[in-house]
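The structure under discussion appears below in the form of structure tokens.
In this note's numbering, the protein residues as written are 367 to 528.
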């Protein structure tokens, strides 16, 4: 992921980079679940689920694949546009989280990987969670991931891109 970030222009990220459905999620903001999970209000299921812990609750509710059906298939065109979408969404959500919770504890995780299809197009997933001292990390050894490009992003990281 470092190489992808290094070679992609991610400056000037803004709402125009975020697909409309994801922008609606940003605008609805954040809320707390009964268990204290920090979740995007627009992604909360109508019926609360049962989760092993807060980490599972947060990552399950907050996790989504980024819209990519309208992007070109050519990797040199697709990758930067997909990454910009993910990062713009992440930064907007993290800013809203700070407004809602008054801290920067929520972290975002962006992963890029190739779809297991004949076309093998690059796809992405974004989720958010709050690291907790009594719960295992979302991705315990981020640097050891080999089947995807993954980044943990904090609100502080976003200042370089907006």
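Even glycine gets a Cβ: it sits at the ideal position worked out from N, Cα and C.
| said: Judging by CA-CA distance, which residue of 501, 451, 482 and 524 is the nearest neighbour of residue 430? | reply: As a working mapping, residue 430 is identified with position 64 in the chain shown. Looking only at 501, 451, 482 and 524, the smallest Cα-Cα distance to residue 430 is reached by 451.
| query | Three or more beta-carbon pairs under 8 angstroms between the region 476 to 490 and the region 396 to 415, yes or no? | reply | Taking 8 angstroms as the limit for Cβ pairs, the verdict is that the region 396 to 415 does not touch the region 476 to 490.
| field | Backbone CA spacing between residue 420 and residue 473 [nearest angstrom] | value | One-based indexing of the chain shown puts residue 420 at position 54. One-based indexing of the chain shown puts residue 473 at position 107. Annotation: residue 420 to residue 473 spans about 14 angstroms, alpha carbon to alpha carbon.
| said: In whole angstroms, give me the CA-to-CA distance for residue 376 and residue 518. | reply: Locating residue 376 in the chain shown gives position 10, where the first residue counts as 1. Locating residue 518 in the chain shown gives position 152, where the first residue counts as 1. Looking at the two C-alpha atoms, the distance is approximately 16 angstroms.
| query | Just checking, does the region 381 to 391 make contact with the region 448 to 466 on the three C-beta pairs under 8 angstroms criterion? | reply | The region 381 to 391 vs the region 448 to 466: in contact.
| Who are the near neighbours of residue 390 in its chain, counting only those whose CB is closer than 7 angstroms to its CB and skipping five residues on each side? | One-based indexing of the chain shown puts residue 390 at position 24. Hits under 7 angstroms: 408.
| Beta-carbon contacts of residue 496 that lie in its chain and below 6 angstroms, excluding the five residues immediately before and after | Taking the chain shown and counting its residues from 1, one reaches residue 496 at position 130. A distance below 6 angstroms between beta-carbons, with the five flanking residues on each side excluded, links residue 496 to the following residues of its chain, in chain order: 404, 471 and 472.
| task | State buried or exposed for residue 526, treating a residue as buried only when at least 16 other CB atoms are found within 10 Å of its CB. | result | Numbered from its first residue, the chain shown carries residue 526 at position 160. Its Cβ having fewer than 16 others within 10 Å, residue 526 is exposed.
| What are the uninterrupted segments assigned as beta strand (DSSP E) that are 3 or more residues long and contained completely in the region 378 to 420, given in chain order? | Secondary structure within the region 378 to 420: the beta strand (DSSP E) runs of 3 or more consecutive residues, fully enclosed, are 396 to 398 and 404 to 406 (chain order).
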